Amino acid sequence: MKHTSLGEWLLYGAICAYLLLIYLLPSQAWLGFTINALIVTILSVAWNLLGGFGGQMSFGHAALFGTGAYVTAILQVKLGVNPWLAAGLAVVAATLVAGFIGALSFRYGLRGSYFALVTLAFAEVLRILASSFAFTGGGQGILVPYKAGLANFQFADRITTYTLVLVMVAVAMLITVAVQRSRFGAYLIAIRENEEAAKALGIDTFRTKVLAMMLSGAIGGAAGVAYLQTYLFIDAPIAYGSTMSIEALLGPIIGGAGTIWGPVVGTLSLHLLGEGAKHLVSGAPGLNLVLYGVLLLVILRYLPDGIVGFARGIGRTGQAAAVSVKEAQ
Amino acid sequence: MLTVENVTKRYGGLVAVNDASLKVQEGRIVALIGPNGAGKTTLFAMIGGFVRPDMGEIRFRDQDITGHAPHAICRLGLTRTFQIVQPFAGLSVLENIAVGAHLRHKSRADALERAAMIGEQVGMGRMLEQSAQSLTVAGRKRLELARALATEAKLLLLDEVMAGLIPSEIVEIVATIRKIRDSGVTILLIEHVMQAVMSLSEEAYVLNQGRMIAHGTPQQLVADPTVIEAYLGHGAADRLQQEGAHA
Numbered sequence: 110m111k112h113t114s115l116g117e118w119l120l121y122g123a124i125c126a127y128l129l130l131i132y133l134l135p136s137q138a139w140l141g142f143t144i145n146a147l148i149v150t151i152l153s154v155a156w157n158l159l160g161g162f163g164g165q166m167s168f169g170h171a172a173l174f175g176t177g178a179y180v181t182a183i184l185q186v187k188l189g190v191n192p193w194l195a196a197g198l199a200v201v202a203a204t205l206v207a208g209f210i211g212a213l214s215f216r217y218g219l220r221g222s223y224f225a226l227v228t229l230a231f232a233e234v235l236r237i238l239a240s241s242f243a244f245t246g247g248g249q250g251i252l253v254p255y256k257a258g259l260a261n262f263q264f265a266d267r268i269t270t271y272t273l274v275l276v277m278v279a280v281a282m283l284i285t286v287a288v289q290r291s292r293f294g295a296y297l298i299a300i301r302e303n304e305e306a307a308k309a310l311g312i313d314t315f316r317t318k319v320l321a322m323m324l325s326g327a328i329g330g331a332a333g334v335a336y337l338q339t340y341l342f343i344d345a346p347i348a349y350g351s352t353m354s355i356e357a358l359l360g361p362i363i364g365g366a367g368t369i370w371g372p373v374v375g376t377l378s379l380h381l382l383g384e385g386a387k388h389l390v391s392g393a394p395g396l397n398l399v400l401y402g403v404l405l406l407v408i409l410r411y412l413p414d415g416i417v418g419f420a421r422g423i424g425r426t427g428q429a430a431a432v433s434v435k436e437a438q
Numbered sequence: 306m307l308t309v310e311n312v313t314k315r316y317g318g319l320v321a322v323n324d325a326s327l328k329v330q331e332g333r334i335v336a337l338i339g340p341n342g343a344g345k346t347t348l349f350a351m352i353g354g355f356v357r358p359d360m361g362e363i364r365f366r367d368q369d370i371t372g373h374a375p376h377a378i379c380r381l382g383l384t385r386t387f388q389i390v391q392p393f394a395g396l397s398v399l400e401n402i403a404v405g406a407h408l409r410h411k412s413r414a415d416a417l418e419r420a421a422m423i424g425e426q427v428g429m430g431r432m433l434e435q436s437a438q439s440l441t442v443a444g445r446k447r448l449e450l451a452r453a454l455a456t457e458a459k460l461l462l463l464d465e466v467m468a469g470l471i472p473s474e475i476v477e478i479v480a481t482i483r484k485i486r487d488s489g490v491t492i493l494l495i496e497h498v499m500q501a502v503m504s505l506s507e508e509a510y511v512l513n514q515g516r517m518i519a520h521g522t523p524q525q526l527v528a529d530p531t532v533i534e535a536y537l538g539h540g541a542a543d544r545l546q547q548e549g550a551h552a
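Protein chains in written order, with my numbering: chain A, 110 to 438; chain B, 306 to 552.
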């Protein structure tokens with residue numbers, strides 16, 4: 110069976126070390142940067158479930174993220190709902206939005222780039238709607254009043270917020286593991302590999318894809334909730350803009366789509382890369398984006414299976430060779 | 306067990322299957338033969354639910370399945386394989402078969418265990434850990450068979466599982482198919498390899514240009530003038546007979 114290679118152990122070890130080191134050396138800038146990266150990571154994990162395992166490449170995961178953020182904000186600020194309850198309802202709302210988008214696009218057999226375009230269109234429609242109505246705060250967005258306290262789902266010190274998003278990432282990853290080990294996961298992968306064959310083997314592909322979309326929506330919605338409770342502000346470009354949709358898919362693709370660690374590795378690397386590029390060429394604004402783009406191209410060109418795929422290769426050959434030598438004897 | 310009654314499928318002006326009927330009785334191996342483009346695969350696609358017939362009725366175990374979804378038909382116990390093999394390329398042989406086994410086994414461990422058993426049964430025991438991508442043509446055909454078998458089907462529709470195989474591989478797969486039938490699975494197969502049709506099936510249907518032109522034992526069919534003409538062209542039966550008389 111598939112063993113974790115030495116390269117993978119090193120990679121995951123490095124990430125865990127990085128994430129735990131923050132508790133020892135808590136600098137505010139570093140904390141802020143990592144919290145942001147982890148919130149995006151939650152959304153990446155959501156995308157990876159549908160896109161990486163199910164092969165349904167969404168270009169509009171902002172629709173789910175934004176719905177999570179907006180529903181929590183509206184419920185708390187406009188209707189005075191308890192923040193924890195609002196968070197729960199927001200996750201439900203994102204799940205339903207995902208189910209609706211999924212049911213509509215999969216009912217008409219949309220695949221590949223068509224599915225990507227339709228999801229993008231949904232996110233754009235929601236962006237325009239969110240900036241047009243009074244109850245969403247129109248163009249100004251919604252500001253949540255700052256009242257720190259556990260009861261309000263707001264935390265005065267960043268380290269608590271950090272722990273919260275870290276736990277959320279871990280839970281999202283555990284959900285992915287559970288999916289991977291279940292019949293549902295096997296069906297999802299089968300659909301990604303060959304949808305016709307999946308149908309012939311008794312898989313209800315429509316139902317499986319919609320369920321995956323809904324699960325992805327729940328996790329994506331949770332990412333939106335985490336964003337709102339951290340920054341206490343949301344507006345249409347942040348919530349539903351294409352930046353978030355692109356971030357959601359870049360991480361898993363760079364890290365290794367359809368793997369447990371891929372979205373985590375990819376998103377953290379991308380954010381570190383972006384931050385590094387900013388510091389390297391701080392003199393010329395905009396040049397950091399050029400550097401970022403070039404590095405991205407290099408990764409896509411030379412690591413077709415993502416960073417996790419690359420790490421899998423390290424230490425694997427040695428192991429395989431040892432096994433074959435043993436067999437020969 | 307399976308009854309196809311007066312089924313028709315048109316693609317624009319082309320009639321792919323024209324008023325075709327056939328019957329498969331439980332426990333038999335029935336062959337569907339015919340020249341290229343006769344409509345055999347279209348007929349299979351309609352039985353499996355992949356293509357909706359324009360007219361006619363398909364019944365499986367006394368239940369009307371005309372126009373049902375493929376997965377629903379598969380759950381009733383009717384599984385098809387593909388002429389152009391459709392492996393889950395990124396997965397191992399074992400994982401491929403496990404997808405089929407999951408239909409009747411919810412837990413991953415049960416499905417994998419069952420898949421390993423089926424793998425042995427079709428002679429893929431040594432290849433279980435191999436990636437489906439790395440298989441030879443013969444291996445891929447076997448994998449199609451194994452995956453379908455793993456759904457614990459009562460009726461298997463095998464679409465040219467012997468095409469592209471060398472004679473020794475055909476002998477192996479013929480034995481495997483016979484073993485499957487003996488375990489209580491009914492089989493309907495499309496085949497071009499006549500040697501296999503002759504030795505395997507008790508009964509065969511001949512489809513030509515969308516029409517069912519003959520039905521009988523394979524031995525009857527190879528002597529049937531309409532069948533010979535369908536394969537070799539108009540007048541071929543007469544010519545063959547004359548040459549036979551001269552010889």
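Positions of the beta carbon are idealized from the N, C-alpha and C atoms, including for glycine.
Since this is a predicted model, take the numbers as computed values, not measurements.
Should residue i go down as buried or exposed, given a rule of 16 or more other Cβ atoms within 10 Å for buried?
i      : result
B:R385 : buried
A:Y296 : buried
B:R418 : The sequence given here places Glu at residue 418 of chain B; Arg does not occur at that position. Per the 10 Å Cβ criterion, exposed.
A:W449 : The shown model of chain A, from 110 to 438, leaves out residue 449 of chain A, and the question about it has no answer.
A:F244 : exposed
A:S433 : For A:S433, the pLDDT reaches just 39, beneath the cut-off of 50, and the residue's location in the model is therefore unreliable, leaving the point undetermined.
B:T347 : buried
A:E436 : For A:E436, the predicted structure reports a pLDDT of 40, less than 50, and the residue's modelled location is therefore unreliable. The matter cannot be settled from this model.
B:A542 : buried
A:K187 : exposed
A:M166 : buried
B:C379 : buried
B:H407 : buried
B:L448 : buried
A:P413 : exposed
A:I298 : buried
Residue i: which of the options sits nearest, CA to CA?
i      : options                           : result
A:G329 : A:G175, A:H112, A:E117 and A:C125 : A:G175
A:G258 : A:T270, A:G248, A:G247 and A:I251 : A:T270
B:R445 : B:D487, B:L462 and B:A394         : B:A394
B:G361 : B:I338, B:V322 and B:A374         : B:V322
B:L450 : B:R380, B:A509, B:V479 and B:I370 : B:V479
A:G360 : A:G169, A:L252 and A:T376         : A:T376
B:R364 : B:K328, B:Q391 and B:L448         : B:K328
A:L159 : A:V334, A:I251 and A:T228         : A:T228
A:G385 : A:G221, A:A230, A:Y132 and A:F142 : A:F142
A:I151 : A:P394, A:A327 and A:V278         : A:V278
B:A497 : B:L470, B:I423 and B:V404         : The residue you asked about is not Ala; residue 497 of chain B is His in the sequence shown. B:H497 has its Cα closest to that of B:L470, out of B:L470, B:I423 and B:V404.
Between which two residues does the alpha helix (DSSP H) holding residue i run?
i      : result
B:K484 : P472 to D487
A:A331 : T314 to Y340
B:D415 : R413 to Q426
A:V452 : With chain A represented from 110 up to 438, any question about residue 452 of chain A goes unanswered, as that position is not in the structure.
B:V498 : Looking at the DSSP string, B:V498 is not in any alpha helix (DSSP H), and its letter there is neither H nor E.
A:R410 : L396 to Y411
A:L205 : P192 to R216
A:A348 : A345 to Y349
A:I124 : L115 to L133
A:L283 : R267 to Q289
B:L448 : V442 to A455
Between which two residues does the beta strand (DSSP E) holding residue i run?
i      : result
A:I298 : It is not in any beta strand (DSSP E) - A:I298 instead sits in the alpha helix (DSSP H) that spans R292 to E302.
B:A509 : E508 to N513
A:S240 : Element bounds for A:S240: n/a, residue is neither H nor E.
B:A325 : L319 to V329
A:L379 : Here A:L379 belongs to no beta strand (DSSP E); instead the alpha helix (DSSP H) covers G371 to L389.
B:R385 : L383 to R385
B:V309 : L307 to Y316
B:M517 : R516 to G521
B:F365 : M360 to F365
B:I334 : I334 to I338
A:L147 : No beta strand (DSSP E) contains A:L147, which is instead part of the alpha helix (DSSP H) from Q137 to W156.
B:L460 : L460 to D464
Using 8 Å for Cβ pairs, my map puts residue i next to residue j. What's the rounded Cβ distance?
i      : j      : result
B:I485 : B:L454 : 6 Å
A:I210 : A:T339 : Not quite, the Cβ-Cβ distance comes to about 26 Å (not below 8 Å), so this is no contact.
B:M429 : B:V398 : 6 Å
A:I362 : A:I416 : No, A:I362 and A:I416 are not in contact; Cβ-Cβ is about 10 Å, not under 8 Å.
B:L462 : B:G353 : 6 Å
B:I338 : B:V502 : 6 Å
A:A239 : A:A345 : 4 Å
Residue i versus chain C: which residues are under 9 Å apart at the beta carbon?
i      : result
B:T384 : Of the chains in the structure shown, none is chain C; the protein chains are A and B.
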